[in-house]
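Okay, structure first, notes after.
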Amino acid sequence: MGSDVIDGVVRTDRYPLDEPGSPAWSAVVDRARRELRAVGATVLRDVVRPDLAERLRAESDAVAPAAHTATAQVNVYNTDPDPTLPARHPARVALTRRNAFVARDRIPADHLVQRLYEHPGFRALLAACFELDEVHPLADPYSGLTLNVVAPGDDHPWHFDTNEIAVSLLTREPEAGGTFEYCPGIRAPSEENLAGVRAVLDGDCGPVRSLALRPGDLQLFRGRFALHRVTPVAGASPRHTAIFAYSDRPGVVGSPARTRQLFGRVDPLHLAAASVRSDTLLD
Ligand SMILES: O=C(O)CCC(=O)C(=O)O
Ligand SMILES: [Fe+2]
Numbered sequence: 034m035g036s037d038v039i040d041g042v043v044r045t046d047r048y049p050l051d052e053p054g055s056p057a058w059s060a061v062v063d064r065a066r067r068e069l070r071a072v073g074a075t076v077l078r079d080v081v082r083p084d085l086a087e088r089l090r091a092e093s094d095a096v097a098p099a100a101h102t103a104t105a106q107v108n109v110y111n112t113d114p115d116p117t118l119p120a121r122h123p124a125r126v127a128l129t130r131r132n133a134f135v136a137r138d139r140i141p142a143d144h145l146v147q148r149l150y151e152h153p154g155f156r157a158l159l160a161a162c163f164e165l166d167e168v169h170p171l172a173d174p175y176s177g178l179t180l181n182v183v184a185p186g187d188d189h190p191w192h193f194d195t196n197e198i199a200v201s202l203l204t205r206e207p208e209a210g211g212t213f214e215y216c217p218g219i220r221a222p223s224e225e226n227l228a229g230v231r232a233v234l235d236g237d238c239g240p241v242r243s244l245a246l247r248p249g250d251l252q253l254f255r256g257r258f259a260l261h262r263v264t265p266v267a268g269a270s271p272r273h274t275a276i277f278a279y280s281d282r283p284g285v286v287g288s289p290a291r292t293r294q295l296f297g298r299v300d301p302l303h304l305a306a307a308s309v310r311s312d313t314l315l316d
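First residue of the sequence shown: 34, per our numbering; consecutive thereafter.
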């Protein structure tokens, strides 16, 4: 199923997506699992064939102008401001988010990232790496697959993701800066570690690691437990990453409020989904 697509796009010599369980496939999965367990992140190098790097870049350049560019005041948890919290609470630190997202419905269906996102072999590899039975594309027409655009001088400030699983692919490398930094396991389901999070916001570099990404590399990451950011982009050109969002259950749609914040608009589907299952949404 779709192995023709994968043969043309993915380096199947290293990532044999159509041979799950083969020794080469299992070696990739074993290493990814080890790294995800140890530090909450792993990079699969050169997943997209290097001769397609130029096309990846051209396709992201073509849709980048469709990014929703409103800057927003946020905190690391993306929660509403709460002046009743103690002054030292990390949620009291206001950060300016200047990155911009292109929604999935603005990315043509024949673009490489669209063809990868839903591909069964691609998803099966990701699920195995994350030790899940399956990863489901979101039913959300905007947030399932996005392009994250960080312009020169801008950054994507410290935050936690709502999703437990994050997968991203660098499609345009900045000339300088734009480094992905993260603090593995700085919080856990049973421990917010407010003091540790606040220390990083105040400049503590102790828990901070960085990942050097190149175009075509796939990054797998547990962003719900690792505080992370993209440092300011330097030089003349922007940094672009395709963000592949998945859930462990089918049918997930973002809330109208969060959708409007990220994309500046909502689809009737967001409103309908919110009214149907207002208390089981992911975010
Ligand atoms: O662009 C990146 O590398 C990270 C993006 C990110 O953290 C996010 O979209 O939540
Ligand atoms: Fe994130």
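Just so it is clear, CB atoms sit at the ideal spot from N, CA and C, and this is done for glycine as well.
Taking 8 Å as the cut-off, the Cβ atoms of R231 and R121 count as close. Boundaries around A65 are those of the alpha helix (DSSP H), P56 to V72, since no beta strand (DSSP E) includes it. Per the C-alpha coordinates, the member of G210, E87 and A269 positioned closest to G249 is E87. DSSP places Y150 within a helical segment (H, G or I) once states are collapsed to three. In this chain, the beta strand (DSSP E) harbouring V135 covers A133 to V135. In the three-state reduction of the DSSP assignment, C216 falls in the strand class. Counting C-beta pairs with one atom in each stretch, the segment 125-145 and the segment 181-192 have three or more that are closer than 8 Å, which means they touch.
According to the DSSP assignment, R130 belongs to no alpha helix (DSSP H) but to the beta strand (DSSP E) extending over L128 to R130. With respect to the 8 Å criterion, Y215 and H261 are classified as neighbours on the basis of their beta carbons.
Residue pairing from DSSP places A199 in a beta bridge opposite F254. For A199, the distance from the CB to the nearest heavy atom of ligand 2 is below 7 Å. Bounds of the beta strand (DSSP E) holding V182 are L178 to V183. The set of residues with a C-beta under 5 Å from any non-hydrogen atom of ligand 2 comprises D194 and G256, given in chain order.
Nearest Cα to L253 within the set A199, A267 and Y279: A199. A straight line joining the alpha-carbon of T212 with that of S55 spans about 34 Å. The beta carbon of T112 is closer than 8 Å to those of A124 in its chain, skipping five residues each way along the sequence. Between V81 and L128, the CB-CB gap reaches or exceeds 8 Å. Per DSSP, R90 is one residue of the alpha helix (DSSP H) stretching across A86 to V96. By the 16-neighbour rule on beta-carbons within 10 angstroms, C162 is buried.
The shortest C-alpha to C-alpha distance from A306 to any of F296, T292 and G297 is the one to T292. Below 8 Å, too few C-beta pairs join the segment 61-71 and the segment 190-210 to call them touching: fewer than three.
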